[in-house]
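With full-length UniProt numbering as the guide, the letters of the sequence shown map in order to residues 1 to 226.
Have a look at the structure below before the remarks.
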Amino acid sequence: MAGLDNSWQEIDRSTPAGRALWRIYGGDPSGRAAGNSFSAENRARQAARSPKAPSTQSEAPPPPPHSPQKARTPVPRVGSASSPKRRTPSVASLRGRRTADSIQAETRQQQDALLAAPLPAPKGPCMDDKEKARLAEKMELNGRDPSELPAGPTHMLGTRKDRERQELEAMFDEALQHIQECKARLCVCDDGSPSWELAPEAVAIKRELARHVDDLKRIDALLMGA
């Protein structure tokens, strides 16, 4: 700032700049005051042109941002579930009705009484060893008379696989018998004429024979796999 005290001398005082420098640095207090006012006016203009002009007056600080409040839905108050005014009448309050607890308690009492009661005395004469053996045999035979069962232990000791094989063998013998009967009937239908095979009876017998042959093949395959 000391180098600018005589700067007005380098510029002629006839110019506005020279006169302004002389007023600021030439010892004229009126010039210094004018320079200060000029600077204040410039600052005011710049502040007015700026988007956010600083306010010279003291302003209160902006309030803090509030958090969004929760939406509240009005719900009608109907009282608590344990409220005596809102409680539904129980089964015990209904006339002629029994509660589940009373029924279960009575059932438990009846069961305890049955368990604690002494066993009834047997009626009639006591069974001897012969009667006990007869009942044991009857239970073993499933209530059937031993005379109705086939002789031999194969019926009782045979396994399921053995029984199935026996049934297949019986079906095989039956199919073989049907085939032999069909062949015998075909021999009866053969009257020596060249067209006897086209007769309706012969055609029906041939169809039956083919069906029995298919059954025989199927049963034979089952026997091979058994």
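From the three backbone atoms N, C-alpha and C, an ideal C-beta is built for every residue, glycine too.
Bear in mind the structure is a predicted one, so any value in this text is a computation, not a measurement.
Which residue from Val203, Ile179 and His178 puts its Cα closest to that of aspartate 190?
Closest in alpha carbon position to aspartate 190, among Val203, Ile179 and His178, is Val203.
Exercise. Please work out which residues of its chain come closer than 7 Å, Cβ to Cβ, to aspartate 215, disregarding the five sequence neighbours upstream and downstream, and give them in chain order.
Key: Result list for aspartate 215: Ala175, in chain order.
_One question on the structure: do arginine 185 and isoleucine 205 come within less than 7 Å of each other, judged by their Cβ atoms?_
yes
field: Nearest candidate by alpha-carbon position, reference arginine 165, set Phe38, Glu41, Leu115 and Asp220
entry: The residue with the shortest Cα to Cα distance from arginine 165 is Asp220.
Beta-carbon proximity of cysteine 182 to leucine 209, cut-off 7 Å = yes
The alpha helix (DSSP H) enclosing arginine 163, as first and last residue numbers: Boundaries of the alpha helix (DSSP H) harbouring arginine 163: 160-189, taken from the DSSP string.
Worksheet item: Measuring CA to CA, which of Ala44, Leu223 and Pro74 is closest to glutamate 169?
Response: The residue from Ala44, Leu223 and Pro74 with its alpha-carbon nearest to that of glutamate 169 is Leu223.
- Task: Identify the continuous alpha helix (DSSP H) that holds residue 228 and give its terminal residues.
- Result: The requested residue 228 is not part of the displayed model; the chain covers only 1 to 226.
Lysine 217 - DSSP class collapsed to helix/strand/coil:
helix
Q. Got a sec: is the Cβ-Cβ distance from serine 50 to anything in chain D below 7 Å?
A. The structure shown has no chain D; it contains just one protein chain.
Inset, instruction - Over the uninterrupted alpha helix (DSSP H) stretch that includes threonine 73, give me the two end residues. - result: No alpha helix (DSSP H) contains threonine 73, which DSSP labels as neither H nor E.
Taking only the alpha-carbon atoms, compute the straight-line gap between glutamine 111 and glycine 96 and give it to the nearest angstrom.
24 Å
Margin query: Can you look up serine 50 in the DSSP assignment and give me helix, strand or coil?
Written below: coil
For the candidate residues Val213, Glu137, Ser193 and Asp129, whose alpha-carbon lies nearest to that of aspartate 173? Val213
**Message:** My output table needs one value for valine 78: the three-state DSSP class, helix, strand or coil.
**Reply:** coil
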